[in-house]
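J.: If you scroll down you'll find the structure; I have some questions about it.
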Amino acid sequence: MAQPQALLVGSGDLEDKWLETLAIGPQDFCLGVDKGARRLLEAGLPLDLALGDFDSVTAEEKAWICSEAKEVVDLPAMKDATDLEEALDYLIKMNWQGTIRCLGFLGGRLDHTLSVVWLGYLDRYRDLLEDLTFEDPYNSLGFLLPGDHQVDRQSDKKYLSFIGLGPVADLTLNQVVYTLDKYQMTTPRAFISNEFLPDASTMTLSFSSGRLLVIQSRDAWR
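In this text, residue positions in the sequence shown follow my numbering: the first is 1069, and each later residue adds one.
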């Protein structure tokens, strides 16, 4: 049985038709962050929670969101956390058990994208990190903590990149074009444009300390 999925939809780059193809089950939880709430409604998907300061929607759109959402959390425009962080904090408070798939949080403003990467440094999200993924049409981004891991190949992606969020000890990469054996990453490094072996559907990696960002991607122009 598939794990429950929290689907978070934001205001960033996103092909709205993509949302219409998503399969949402009764155990899943759909959370619209700011304009993402409108996007969920337009795609005909449930809106379990609308959260944000709603500075990217009109008054009419806000009224529609409020009439359709099961719950609305209005946030002040001036606050010490991003809307995304507030959404993740909400999931922590509800003791969410399952994966967290985030669409519409990459691309656009560089500071928004970097704020996603910087989640990997925040200890309050440590227990969520390995269940958390961010996607746009060209990239899929996830976090890994120390241990042994298997990464499954995404058929529409070509490249596989490993980015250290600080020092990483004993990094080993197997079943990829460019392998590593207990590499000691003493400063943050980005090993980009690696690839799965031609006939491989998975690869394995391990490391003993640190935090790692793993990205599968394809070129936008292909």
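Note that beta-carbon positions come from the ideal geometry of N, C-alpha and C, so glycine has one too.
To the nearest whole angstrom, what separates the beta carbons of Gly1093 and Leu1115, a pair I think is in contact under 8 Å?
T.: In the sequence shown, counting from the first residue as 1, residue 1093 sits at position 25. In the sequence shown, counting from the first residue as 1, residue 1115 sits at position 47. Actually they are not in contact, since the Cβ atoms of Gly1093 and Leu1115 sit about 16 Å apart, beyond 8 Å.
J.: When you compare each of Leu1248, Leu1265, Thr1126, Ala1105 to Leu1119 by their alpha carbons, which one comes out closest?
T.: Your numbering for residue 1119 matches position 51 in the sequence shown. Cα-wise, what sits closest to Leu1119 is Ala1105.
J.: Taking C-beta to C-beta, are Leu1212 and Leu1281 nearer than 9 Å?
T.: The count along the sequence shown starts at 1 and reaches residue 1212 at position 144. The count along the sequence shown starts at 1 and reaches residue 1281 at position 213. For Leu1212 and Leu1281, yes; Cβs fall inside 9 Å.
J.: Look up Leu1076 in the DSSP assignment and say whether it is helix, strand or coil.
T.: Along the sequence shown, read from residue 1 onward, the residue named residue 1076 stands at position 8. Here Leu1076 sits in strand by DSSP.
J.: Based on the DSSP output, what are the partners of Met1271 in its beta bridges?
T.: Taking the sequence shown and counting its residues from 1, the one referred to as residue 1271 is at position 203. Answer is Val1219, bridged to Met1271.
J.: Please state the DSSP three-state secondary structure of Ala1258.
T.: As a working note, residue 1258 is residue 190 in the sequence shown. Looking at Ala1258 - three-state DSSP - the assignment turns out to be strand.
J.: My output table needs one value for Arg1177: the three-state DSSP class, helix, strand or coil.
T.: Reading the sequence shown from its first residue, position 109 is the one you call residue 1177. Three-state DSSP puts Arg1177 in coil, outside helix and strand.
J.: From Lys1147 to Phe1230, what distance separates their C-alpha atoms?
T.: The sequence position of residue 1147 within the sequence shown is 79, counting from 1. The sequence position of residue 1230 within the sequence shown is 162, counting from 1. Approximately 32 Å between the Cα atoms of the pair.
J.: Below 8 Å on the Cβ atoms is my guess for Val1220 versus Phe1275; work out the distance and round it to an integer in Å.
T.: Locating residue 1220 in the sequence shown gives position 152, counting from the first residue. Locating residue 1275 in the sequence shown gives position 207, counting from the first residue. A quick correction: the sequence has Asp, not Val, at residue 1220. 18 Å between Cβ atoms; not a contact.
J.: Given a cut-off of 9 Å, decide if Arg1107 and Tyr1206 are closer than it, judged by their beta-carbon atoms.
T.: For the purposes of this step, residue 1206 is identified with residue 138 of the sequence shown, where counting begins at 1. For the purposes of this step, residue 1107 is identified with residue 39 of the sequence shown, where counting begins at 1. Their beta carbons are not under 9 Å apart, which means Tyr1206 does not touch Arg1107 by this criterion.
J.: Classify Ala1111 as helix, strand or coil using the three-state DSSP reduction.
T.: Translated into positions along the sequence shown, residue 1111 becomes position 43. Three-state DSSP puts Ala1111 in coil, outside helix and strand.
J.: Please tell me whether Asp1081 and Glu1110 are closer than 9 Å, where the distance is taken between their beta carbons.
T.: Mapped onto the sequence shown, residue 1081 falls at position 13. Mapped onto the sequence shown, residue 1110 falls at position 42. Their beta carbons are not under 9 Å apart, which means Asp1081 does not touch Glu1110 by this criterion.
J.: Return the bridge partner residues of Cys1134 from the DSSP annotation.
T.: Walking along the sequence shown from the start, residue 1134 turns up at place 66. Partner(s): none; Cys1134 has no beta bridge.
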